[in-house]
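Residues 1 to 126 (full-length UniProt numbering) make up the sequence shown, in order. Working notes, beginning with the structure itself.
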Amino acid sequence: MKYVVLIHSNPQPWGHPTGDFVAEHQALPAEQRQQLNDAFESLLGELEENGELVGGQALGDPASARLYRWDDGAVVTDGPYSEAKEHLAGFFLIDVEDPARAEVVGRAFAGPGETVEVRPVMVFED
């Protein structure tokens with residue numbers, strides 16, 4: 001079962017790993033921040049070793065985004081989705097055995113000042 005793990009964050013300034021730029025993460029003692037970073041790297045290694053990590057990518061500053069909306073044709077505007085306080089910071093595509101495993105991964109990805117969304121990938125039958 002494939003899932004996309006979406007990392008929502010609002011670091012100021014924008015940077016990756018996002019935790020290094022999020023106030024909630026920065027407020028933690030250095031030792032705890034290091035433990036969280038080590039746990040994240042360990043999880044990525046485990047997913048890769050198990051063949052569950054299909055791919056992923058960090059995303060650039062939302063201020064560099066271009067939005068395309070339909071209004072009797074495509075209308076282009078600059079910048080992030082204006083109503084959002086959090087922005088999509090990156091994503092990972094995982095292929096796991098069942099929804100329970102996807103939940104374990106989602107919980108492990110969640111960090112201070114960030115929101116993680118785990119959503120199943122649509123499967124279209126031919």
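Cβ atoms here follow ideal geometry from the backbone N, Cα and C, with glycine treated the same way. Everything numeric in this text was worked out from a predicted model, so none of it was measured.
DSSP three-state assignment for G90, whether helix, strand or coil: To locate residue 90, count along the sequence shown from 1; it is residue 90. In the structure shown, G90 adopts extended strand secondary structure according to DSSP, grouped into three states.
Do G19 and L36 come within 8 angstroms of each other at the CB atom, strictly closer than that value? Translated into positions along the sequence shown, residue 36 becomes position 36. Translated into positions along the sequence shown, residue 19 becomes position 19. Yes, these two residues count as a Cβ contact at 8 angstroms.
With three or more C-beta pairs closer than 8 angstroms as the rule, is the region 22-34 touching the region 94-103? The region 94-103 vs the region 22-34: no contact.
Which residues share a DSSP beta bridge with H8? Working through the sequence shown from its first residue, we reach residue 8 at position 8. Per DSSP, L88, T115.
Which residue marks the beginning of the beta strand (DSSP E) containing A58, and which one marks its end? Stepping through the sequence shown from its first residue, residue 58 is reached at position 58. Counted as a single uninterrupted DSSP element, the beta strand (DSSP E) harbouring A58 occupies residues 53-58.
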